[in-house]
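Numbering (full-length UniProt numbering), first residue to last: 1 to 374. Note that the Cβ used here is the ideal one computed from N, Cα and C, for glycine as well. In this text, all values refer to a predicted model and were calculated from it rather than measured experimentally. What follows is a short report on a single structure.
What follows is the structure in structure tokens.
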């Protein structure tokens with residue numbers, strides 16, 4: 001261990017300007033897209049809000065996905081979407097639709113006009129789901145800039161992540177239509193920004209369902225990669241400012257930015273949901289709903305979520321999202337079980353050989369990992 005190198009790194013961190021523990025004059029959110037107009041950070045944008053115990057239902061939704069078999073031309077993955085419903089901070093069961101949705105995602109590649117395209121198909125665990133996508137959305141160009149970079153095409157396994165994103169919006173729409181009423185709240189894990197070609201088709205339908213039933217559609221992002229104009233983490237800079245203005249209190253910061261991007265219909269906030277929380281989360285409300293609610297109703301909304309964010313294991317983060325993450329998350333033991341089930345049910349030796357030969361193209365790294373334990 002190089003002790004001197006570690007000391008040098010620590011000193012370098014201390015010398016960085018962004019180590020400064022206060023918001024710098026003129027500091028503002030940084031966005032590369034011109035459809036985001038940043039608003040300079042200002043202590044007057046920090047506001048305290050109280051916990052509110054309302055009678056409205058609130059649902060939290062999250063998804064998980066995992067690879068089962070993967071090669072450049074053949075893919076099989078698993079997606080799970082789960083939601084819960086709270087009323088007066090007590091979990092209640094849905095009345096009309098399943099609480100958990102699971103799908104196999106089968107993907108393949110093909111050549112077309114000197115390019116490679118990916119196709120995928122959903123195989124639901126239950127025929128009762130009756131969920132699918134437009135055929136056009138199940139065919140993807142491997143060089144689509146929303147899933148690849150300029151130099152490298154996307155990998156086939158991306159189809160599972162795409163399916164998961166589409167399903168989260170689609171199932172949110174179903175939850176709103178079947179389980180929620182006027183004034184109820186839906187919170188998705190993540191922001192309301194759509195980033196993949198075709199994704200906004202599904203987000204817009206979910207928003208329309210929310211508008212029709214007057215349901216508040218919002219999202220909480222666990223991570224924020226946004227920066228300030230001084231190169232610091234935006235959430236860190238806002239946390240410093242908010243805790244200085246409202247020490248040991250719950251508070252929110254707004255406005256942050258004016259968004260005119262057609263695929264990001266949202267008003268952006270940063271919120272500290274519990275006085276003792278170490279975390280400040282990026283929080284978004286669907287733009288049209290946010291404008292119709294007004295300040296008092298938005299503070300009431302934040303107070304309702306805050307009342308669900310008092311778990312001592314993670315104060316300041318809604319327990320509903322903790323629960324949704326736990327159920328939706330797919331673990332390695334489930335991957336191994338599903339792979340074993342697939343192989344046990346496949347009695348065609350030629351098919352198994354074809355799969356094995358395709359997978360072996362990519363699994364050499366796994367062999368090296370196993371050798372470390374021999």
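Collapsed DSSP secondary structure at residue i in the structure displayed
{"i": "residue 223", "result": "coil"}
{"i": "residue 207", "result": "helix"}
{"i": "residue 294", "result": "helix"}
{"i": "residue 214", "result": "coil"}
{"i": "residue 99", "result": "coil"}
{"i": "residue 193", "result": "coil"}
{"i": "residue 229", "result": "coil"}
{"i": "residue 115", "result": "strand"}
{"i": "residue 354", "result": "helix"}
{"i": "residue 105", "result": "strand"}
{"i": "residue 121", "result": "strand"}
{"i": "residue 186", "result": "strand"}
{"i": "residue 276", "result": "coil"}
{"i": "residue 179", "result": "helix"}
{"i": "residue 170", "result": "helix"}
{"i": "residue 34", "result": "coil"}
{"i": "residue 309", "result": "coil"}
{"i": "residue 368", "result": "For residue 368, the pLDDT reaches just 49, beneath the cut-off of 50, and the residue's location in the model is therefore unreliable, although a value from the coordinates is still provided. Three-state DSSP puts residue 368 in a helix."}
Host beta strand (DSSP E) of residue i (start-end)
{"i": "residue 87", "result": "74-87"}
{"i": "residue 283", "result": "281-286"}
{"i": "residue 267", "result": "266-272"}
{"i": "residue 248", "result": "Segment: none, residue 248 is in no beta strand (DSSP E) and carries neither H nor E."}
{"i": "residue 92", "result": "90-92"}
{"i": "residue 258", "result": "257-259"}
8 Å contact criterion, which residue i and residue j should meet: CB distance rounded
{"i": "residue 375", "j": "residue 302", "result": "The requested residue 375 is not part of the displayed model; the chain covers only 1 to 374."}
{"i": "residue 12", "j": "residue 23", "result": "Not a contact, Cβ separation roughly 23 Å."}
{"i": "residue 84", "j": "residue 306", "result": "Actually they do not touch by this definition, with Cβ atoms about 17 Å apart."}
{"i": "residue 106", "j": "residue 120", "result": "6 Å"}
{"i": "residue 205", "j": "residue 155", "result": "At roughly 28 Å, the Cβ-Cβ gap does not stay under 8 Å, so residue 205 and residue 155 are not in contact."}
{"i": "residue 394", "j": "residue 256", "result": "Residue 394 is absent from the structure shown; the chain starts at 1 and stops at 374."}
{"i": "residue 171", "j": "residue 216", "result": "The pair is not a contact, with the Cβ atoms about 17 Å apart (cut-off 8 Å)."}
{"i": "residue 285", "j": "residue 74", "result": "Their Cβ separation, rounded to whole angstroms, is 41 Å, which puts residue 285 and residue 74 out of contact at 8 Å."}
{"i": "residue 352", "j": "residue 343", "result": "7 Å"}
Counted within 10 angstroms of its Cβ, other Cβ atoms place residue i as buried (16 or more) or exposed
{"i": "residue 5", "result": "exposed"}
{"i": "residue 267", "result": "buried"}
{"i": "residue 65", "result": "buried"}
{"i": "residue 273", "result": "buried"}
{"i": "residue 332", "result": "exposed"}
{"i": "residue 76", "result": "buried"}
{"i": "residue 115", "result": "exposed"}
{"i": "residue 123", "result": "exposed"}
{"i": "residue 295", "result": "exposed"}
{"i": "residue 110", "result": "exposed"}
{"i": "residue 246", "result": "buried"}
{"i": "residue 15", "result": "exposed"}
{"i": "residue 164", "result": "buried"}
{"i": "residue 360", "result": "With a pLDDT of 48 at residue 360, under the threshold of 50, the modelled position of this residue cannot be trusted; read the value that follows with caution. It counts as exposed."}
{"i": "residue 160", "result": "buried"}
{"i": "residue 313", "result": "exposed"}
{"i": "residue 166", "result": "buried"}
{"i": "residue 350", "result": "exposed"}
{"i": "residue 368", "result": "Model confidence at residue 368 stands at a pLDDT of 49, short of 50, so the residue's coordinates are unreliable and nothing is read from them."}
Below-7 Å beta-carbon distance, residue i vs any chain B residue
{"i": "residue 274", "result": "Structure shown: chain B not included; a single protein chain is present."}
Range of the contiguous alpha helix (DSSP H) that encloses residue i
{"i": "residue 238", "result": "234-245"}
{"i": "residue 15", "result": "3-15"}
{"i": "residue 336", "result": "332-345"}
{"i": "residue 327", "result": "319-328"}
Quick one: which unbroken alpha helix (DSSP H) runs of 4-plus residues sit fully inside the region 126-165? Chain order, please. none
Please specify which runs of the beta strand (DSSP E), each continuous and at least 3 residues long, are wholly inside the region 47-75, giving them in chain order. 57-70
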